[in-house]
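Here's the structure we're looking at; comments come further down.
2 protein chains.
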Amino acid sequence: MSSYGRYHSQSYAPSAPSLPGSGYGQVSSSSGYTSFPPGTHPDVIRSFQAVDRDRSGFIDEKELQQALSSGFQKFDLRTIRLLMFLFKNPNEPLRIGPQEFAALWSCLGHWRAIFERYDKDRSGKIDPLELRDALYGIGYAVPASVLQLLISKYGDGSGRRVELGFDSFVECGMILKGLTDKFKEKDTRYTGSATLSYDTFMSMVIPFLVSYD
Amino acid sequence: MSSYGRYHSQSYAPSAPSLPGSGYGQVSSSSGYTSFPPGTHPDVIRSFQAVDRDRSGFIDEKELQQALSSGFQKFDLRTIRLLMFLFKNPNEPLRIGPQEFAALWSCLGHWRAIFERYDKDRSGKIDPLELRDALYGIGYAVPASVLQLLISKYGDGSGRRVELGFDSFVECGMILKGLTDKFKEKDTRYTGSATLSYDTFMSMVIPFLVSYD
Numbered sequence: 001m002s003s004y005g006r007y008h009s010q011s012y013a014p015s016a017p018s019l020p021g022s023g024y025g026q027v028s029s030s031s032g033y034t035s036f037p038p039g040t041h042p043d044v045i046r047s048f049q050a051v052d053r054d055r056s057g058f059i060d061e062k063e064l065q066q067a068l069s070s071g072f073q074k075f076d077l078r079t080i081r082l083l084m085f086l087f088k089n090p091n092e093p094l095r096i097g098p099q100e101f102a103a104l105w106s107c108l109g110h111w112r113a114i115f116e117r118y119d120k121d122r123s124g125k126i127d128p129l130e131l132r133d134a135l136y137g138i139g140y141a142v143p144a145s146v147l148q149l150l151i152s153k154y155g156d157g158s159g160r161r162v163e164l165g166f167d168s169f170v171e172c173g174m175i176l177k178g179l180t181d182k183f184k185e186k187d188t189r190y191t192g193s194a195t196l197s198y199d200t201f202m203s204m205v206i207p208f209l210v211s212y213d
Numbered sequence: 001m002s003s004y005g006r007y008h009s010q011s012y013a014p015s016a017p018s019l020p021g022s023g024y025g026q027v028s029s030s031s032g033y034t035s036f037p038p039g040t041h042p043d044v045i046r047s048f049q050a051v052d053r054d055r056s057g058f059i060d061e062k063e064l065q066q067a068l069s070s071g072f073q074k075f076d077l078r079t080i081r082l083l084m085f086l087f088k089n090p091n092e093p094l095r096i097g098p099q100e101f102a103a104l105w106s107c108l109g110h111w112r113a114i115f116e117r118y119d120k121d122r123s124g125k126i127d128p129l130e131l132r133d134a135l136y137g138i139g140y141a142v143p144a145s146v147l148q149l150l151i152s153k154y155g156d157g158s159g160r161r162v163e164l165g166f167d168s169f170v171e172c173g174m175i176l177k178g179l180t181d182k183f184k185e186k187d188t189r190y191t192g193s194a195t196l197s198y199d200t201f202m203s204m205v206i207p208f209l210v211s212y213d
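Line by line, the protein sequences give chains A and B.
Quick note: the first sequence, position 81, residue 81 per the UniProt record's numbering, numbers continuous.
Quick note: the second sequence, position 7, residue 7 per the UniProt record's numbering, numbers continuous.
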């Protein structure tokens with residue numbers, strides 16, 4: 001039995017029926033504008049359309065930041081860039097369409113619910129132990145050493161106890177879940193280890209590196 | 001034979017005799033101030049001491065940014081944060097001492113020389129093909145697909161041809177070299193693949209994720 005615990009299909013939502021990523025995003029033949037999945041909440045559509053001023057059917061980073069702020073909060077552009085990379089169609093440049101946007105919105109809603117469940121004192125911050133519990137709650141038993149290493153990247157370097165706002169919580173959560181899922185895809189017998197070629201290893205990791213121009 | 005080519009010892013310098021990271025940083029018994037390695041250029045010592053105003057023997061991110069700007073350029077804080085994580089003593093908080101600073105300075109000097117060698121038109125920018133040649137020149141045959149994936153993270157998302165300034169070049173170079181070296185440590189027989197436990201995989205990757213508080 002591997003150490004990372006229960007198994008979910010690959011997705012950046014804490015638990016999600018739908019798969020963001022490749023394999024969707026069909027273009028309607030008439031307008032070239034991909035459509036929202038059936039049942040998408042009107043607020044989500046409105047948020048997207050409010051920023052897609054040229055009706056191109058795609059929004060860029062800054063527009064995504066603005067669109068998400070209507071439902072969640074103003075995410076740092078660093079977080080936006082990561083979300084963009086995790087959700088955009090891999091064959092597209094840095095922009096996302098309605099389907100990806102709806103998947104991202106839904107995913108953030110799941111993480112928001114978890115954040116609120118584990119932020120017991122309603123401080124708007126989650127500490128590393130609460131993050132561990134939150135991850136465990138969705139089926140990811142991340143080793144303390146791994147969590148410690150990641151958490152050490154947040155904080156001011158003073159060694160003071162790190163607390164994560166929703167922004168960093170989403171980042172940590174999606175990175176841990178995303179990397180774990182990718183690893184599990186290669187660990188088909190759930191042994192807790194996997195044999196990876198160099199190319200596979202690099203391709204698994206690079207999407208999680210955040211960069212700006 | 002693995003696809004990544006010739007072999008160097010782990011270090012973020014393109015080719016380096018000394019190892020930054022753990023295992024050094026002895027504290028002089030009298031002052032508690034770690035010292036510079038013998039032969040360190042006086043400019044390097046001056047750059048460090050100019051920003052270490054409280055003579056603590058350690059500098060933080062902002063001070064590192066300032067210190068490096070005297071010898072190189074003003075690096076983005078994102079790059080500084082990555083350099084900090086790659087060079088600091090893993091047991092220390094987010095700060096670096098004289099030994100790590102000297103190793104980092106020397107490493108950047110190596111990358112600078114490579115950058116200048118491959119920036120043939122002296123534009124101050126390197127394109128993806130030049131980056132590939134530069135990496136090949138120091139013994140890293142990075143597959144085009146991997147390079148493409150990384151390069152796609154730089155640029156404005158317009159799909160225009162990406163050119164890397166020294167800042168991004170150093171980042172790309174250290175990430176590719178660092179991850180490749182870590183992988184090769186596990187691929188002891190140079191087969192081009194390695195068996196990794198989940199904990200090892202995560203611990204290899206997380207240091208290269210850049211985060212801010």
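Every residue gets a Cβ at the ideal spot worked out from N, C-alpha and C, and that includes glycine.
Note that the coordinates shown come from a computational prediction; the quantities given were computed from them, not determined experimentally.
Determine the chain B residues that contact residue i at a beta-carbon separation under 7 Å, and present them in chain order.
i, result
"Met202 of chain A", "Val146, Leu179"
"Pro143 of chain A", "Asp199"
"Phe183 of chain A", "Tyr198, Phe201"
What's the gap between the Cα of residue i and the Cα of residue j?
i, j, result
"Tyr140 of chain B", "Glu63 of chain B", "32 Å"
"Gln99 of chain A", "Phe58 of chain A", "10 Å"
"Met202 of chain B", "Val51 of chain A", "37 Å"
"Gln66 of chain A", "Lys74 of chain A", "7 Å"
"Pro20 of chain A", "Ser106 of chain A", "With a pLDDT of only 39 at Pro20 of chain A, under the threshold of 50, the placement of this residue in the model should not be trusted; the figure read from the coordinates follows. Each residue's Cα considered, the two are about 10 Å apart."
"Asp167 of chain A", "Phe115 of chain A", "10 Å"
"Pro197 of chain A", "Gly192 of chain B", "At residue 197 of chain A the sequence reads Ser, which differs from the Pro that was named. Computed Cα separation, rounded: 6 Å."
"Leu86 of chain B", "Phe183 of chain B", "16 Å"
"Ser56 of chain B", "Gly97 of chain B", "9 Å"
"Ala54 of chain A", "Val162 of chain A", "As written in the sequence, residue 54 of chain A is Asp, which differs from the Ala given in the question. Cα to Cα, the separation comes out at about 42 Å."
"Pro128 of chain A", "Asp133 of chain B", "43 Å"
"Thr40 of chain A", "Asp119 of chain A", "28 Å"
"Ser18 of chain B", "Ala102 of chain B", "Below a pLDDT of 50, predicted positions are generally treated as unreliable, and Ser18 of chain B, at 38, falls in that range; no measurement from the model is reported."
"Phe208 of chain B", "Ser35 of chain A", "36 Å"
"Ile80 of chain A", "Pro38 of chain B", "45 Å"
"Thr188 of chain A", "Leu131 of chain A", "27 Å"
"Glu61 of chain A", "Leu94 of chain B", "30 Å"
"Glu185 of chain B", "Val205 of chain B", "13 Å"
"Pro42 of chain A", "Arg122 of chain B", "53 Å"
"Arg117 of chain A", "Asn91 of chain A", "36 Å"
"Leu164 of chain B", "Ser11 of chain B", "22 Å"
"Asp199 of chain A", "Pro14 of chain B", "20 Å"
"Leu104 of chain B", "Gly71 of chain A", "43 Å"
"Val142 of chain A", "Lys153 of chain A", "16 Å"
"Asp76 of chain A", "Leu68 of chain A", "11 Å"
"Gln49 of chain A", "Leu149 of chain A", "39 Å"
"Thr180 of chain B", "Tyr136 of chain A", "31 Å"
"Arg78 of chain A", "Leu147 of chain A", "20 Å"
"Ile126 of chain A", "Arg46 of chain B", "42 Å"
"Gly124 of chain A", "Leu176 of chain A", "21 Å"
"Ile151 of chain B", "Ala144 of chain B", "10 Å"
"Met84 of chain A", "Met84 of chain B", "26 Å"
"Ala194 of chain A", "Val44 of chain A", "39 Å"
"Ser22 of chain A", "Leu82 of chain A", "Model confidence at Ser22 of chain A stands at a pLDDT of 33, short of 50, so the residue's coordinates are unreliable and nothing is read from them."
Starting from the beta carbon of residue i, find every residue of chain A whose beta carbon is closer than 9 Å, and list them in chain order.
i, result
"Gly192 of chain B", "Ser197, Tyr198, Asp199"
Could you tell me which chain B residues have their CB closer than 9 Å to the CB of residue i, listed as they occur along the chain?
i, result
"Ile126 of chain A", "Correct list: empty, because the minimum Cβ distance to chain B is about 14 Å."
"Lys62 of chain A", "Result: empty, since nearest Cβ-Cβ is about 10 Å, beyond 9 Å."
"Lys120 of chain A", "The premise fails here: Lys120 of chain A is roughly 22 Å from chain B at the closest Cβ pair, so nothing lies under 9 Å."
Against residue i, what residues of chain B qualify as contacts under a CB-to-CB distance less than 8 Å, listed in chain order?
i, result
"Leu131 of chain A", "Per Cβ cutoff of 8 Å: no residues; Leu131 of chain A is ~14 Å from chain B at best."
Name, please, each residue of chain A whose Cβ falls closer than 7 Å to the Cβ of residue i.
i, result
"Ile175 of chain B", "Leu209"
"Leu150 of chain B", "Ile206"
Quick one: which chain A residues come within Cβ less than 8 Å of residue i?
i, result
"Lys74 of chain B", "None at all; the shortest Cβ gap to chain A is about 15 Å."
Quick check: is any heavy atom of the ligand HEM less than 8 Å from the C-beta of residue i?
i, result
"Thr191 of chain B", "The model on display carries no ligand, and the ligand HEM is accordingly not part of it."
Name, in chain order, the residues that DSSP records as bridge partners for residue i.
i, result
"Thr195 of chain B", "A:Thr195"
"Ile59 of chain B", "B:Ile96"
Sequence ranges, beta strand (DSSP E) only - wholly within the segment 157 to 185 of chain A, length at least 3: None, since the segment 157 to 185 of chain A contains no complete beta strand (DSSP E) of that length.
Segment contact flag, the segment 169 to 179 of chain A with the segment 107 to 127 of chain A, C-beta cutoff 8 Å, min 3 pairs: Yes, the segment 169 to 179 of chain A is in contact with the segment 107 to 127 of chain A.
Runs of alpha helix (DSSP H) wholly within the segment 75 to 110 of chain B (minimum 4 residues, chain order): Counting only runs of 4 or more, we get 77 to 87.
Positions along the segment 92 to 117 of chain A whose CB lies within less than 8 Å of some CB in chain D: The question asks about chain D, but that chain is absent: this structure's protein chains are A and B.
4 or more residues per run - each alpha helix (DSSP H) lying fully within the UniProt domain "EF-hand" (106 to 141) of chain B: Correct list: 128 to 137.
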